[in-house]
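Novice: Position one of the sequence shown corresponds to residue -2 (the numbering used here), numbered consecutively onward.
Next up is a structure, given as structure tokens.
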Amino acid sequence: MKQEVYNSIETWFNSYVEGFENENEKDNIILKRDHSFRVVKLTKELGEKLDLSDSDILLIQCIALLHDLGRFKQLVNYGTFSDTDEINHIQLGLATLTEHDVLAELNEEERNIVLECITYHHEPVLPKNINSLALPLIQVLRDADTIDILHIVSNYYLNNKIGTNKRLEMELSDKPDVSKKVYQSIMDEKQVAFKNILTINDLKLYQMSLIYDLNFKISFKIISEKTYLKQIFETLPKKDLVIDMYRQMKIFLENQL
Ligand SMILES: [Fe+2]
Ligand SMILES: [Fe+2]
């Protein structure tokens, strides 16, 4: 992919996002726009560290920019960040790409890679038959996405009262409970399944458990240096079970460095 192609997609993206003038959701539109650009930056950093080609780095930046495109419509039309079968940010994003013919300047191979990476960026487990050209790029995208999600939520939980941003809290209950299944997954060093999240505490632990699916040493290093797990842990109730889970994830993270 060429720089000019990336630039013209970025210009389109900026004007698309500007079109979402919604007073109630303004902060969250900006939050998602800024997330997209930070993921662009992170994919570039990771891509360079991993010695991807310049062309692949531009392609992964383009994927990063567009990966959450569906979030804007999801937020403004449906008032949520919660994905369901009917309303999910992947399908909304893919439909928007087609509707606006955003990938017109890409060749067919690049277009397929972009679509495949966006389609599977949020799946708990990647399908085995994923296109071998898309695989390293989607791995970079998923790591960059996780790093920035941890950045956003650790900052949010530390600096805001519960209830400040119901969208970010996925409209979940602030009961102090932690679900058993969340505990089991984390102690088994497995990412928590989204369907098992019942409370905001579960959500925090799910977000921490994303570390179990990171692909690259450099990603563990960034998360460790930024102390995201510790910051989220500070905002959780200090029950024995929670301390066990934190310790399990902390040791797992340290072992990857
Ligand atoms: Fe996403
Ligand atoms: Fe994302």
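Think of the CB as a built atom: it goes at the ideal place given N, C-alpha and C, for glycine as much as any other residue.
1. So arginine 138 and histidine 119 are in contact, right, with Cβ under 8 Å, and what is the actual spacing, rounded?
2. Using a Cβ-Cβ cutoff of less than 6 Å, which residues in the same chain neighbour asparagine 74 once the five nearest sequence positions on both sides are dropped?
3. Throw me the rounded Cβ distance for the serine 79 and glutamate 168 pair, which I believe falls under 8 Å.
4. Please confirm if histidine 148 has its CB atom under 8 Å from at least one CB of chain D.
5. Let me make sure I understand the geometry here. Which of Gln0, Gly67 and Ile54 has the alpha-carbon closest to that of isoleucine 26?
6. In terms of residues, what are the limits of the alpha helix (DSSP H) holding tyrosine 117?
7. My guess is that serine 170 and asparagine 193 are in contact by the Cβ rule of under 8 Å, so how many angstroms apart are they, rounded?
8. Valine 111 and leucine 100: beta carbons closer than 8 Å?
9. Could you tell me how far apart the beta carbons of leucine 255 and leucine 94 are, in whole angstroms, since I believe they sit closer than 8 Å?
10. Could you say if the stretch 228 to 248 and the stretch 202 to 220 meet the contact criterion of at least three C-beta pairs nearer than 8 Å?
11. Any heavy atom of ligand 1 closer than 7 Å to the Cβ of valine 31?
12. With a threshold of 7 Å (Cβ to nearest heavy atom), would valine 2 be considered close to ligand 2?
13. Measuring CB atoms only, is the stretch 150 to 169 touching the stretch 216 to 229, in the sense that at least three cross pairs come out at less than 8 Å?
14. Assign serine 79 to one of three DSSP states: helix, strand, or coil.
15. Beta carbon of aspartate 65: closer than 7 Å to some heavy atom of ligand 1?
16. If distances are taken between C-alpha atoms only, which option among Lys236, Asp48, Gly44 and Gln71 comes closest to glutamine 58?
17. Is any heavy atom in ligand 2 found nearer than 7 Å to the beta carbon of aspartate 80?
18. Quick one: measure Cβ to Cβ for isoleucine 135 and isoleucine 127, integer angstroms, because I've assumed they're closer than 8 Å.
19. Tell me whether the beta-carbon of aspartate 65 lies closer than 8 Å to the beta-carbon of histidine 86.
20. According to DSSP, is serine 151 helix, strand or coil?
21. On the three-state DSSP scale, how would you describe serine 129?
22. I want to check one thing, is the minimum distance from the CB of histidine 148 to the heavy atoms of ligand 1 below 7 Å?
23. Check whether the Cβ atoms of leucine 165 and glutamine 188 sit closer than 8 Å, and answer yes or no.
Specialist: With the given structure in hand:
1. Here residue 138 is leucine; the residue named in the question, arginine, does not match the sequence. Not confirmed; about 10 Å, so no contact.
2. No residues qualify anywhere along the chain.
3. About 7 Å; that satisfies the 8 Å criterion.
4. Within the model displayed, chain D is absent; a lone protein chain is all it includes.
5. The shortest Cα separation from isoleucine 26 among Gln0, Gly67 and Ile54 belongs to Gly67.
6. For tyrosine 117, the enclosing alpha helix (DSSP H) begins and ends at 105 to 117.
7. Serine 170 to asparagine 193, Cβ: 14 Å. No contact.
8. The Cβ atoms of valine 111 and leucine 100 sit closer than 8 Å to each other.
9. The requested residue 255 does not occur in the structure, where the chain is confined to residues -2 to 254.
10. As far as the Cβ criterion goes, the stretch 228 to 248 touches the stretch 202 to 220, which means the pair count is three or higher.
11. What sits at residue 31 in the sequence shown is aspartate, not valine. Not under cutoff, so the answer is no.
12. The answer is no for valine 2.
13. Result yes; three or more Cβ-Cβ pairs closer than 8 Å.
14. In this structure, serine 79 counts as coil in the three-state DSSP scheme.
15. Flag set: Cβ of aspartate 65 near ligand 1.
16. When each option's Cα is compared against that of glutamine 58, the closest is Gly44.
17. Not one heavy atom of ligand 2 falls within 7 Å of the beta-carbon of aspartate 80.
18. Contact holds; Cβ gap of about 7 Å.
19. Contact: yes.
20. Under the three-state reduction of DSSP, serine 151 is assigned to helix.
21. The answer is coil: DSSP assigns serine 129 none of H, G, I, E or B.
22. Checking every heavy atom of ligand 1 against the Cβ of histidine 148, none is found closer than 7 Å.
23. Going by C-beta atoms, leucine 165 is not nearer than 8 Å to glutamine 188.
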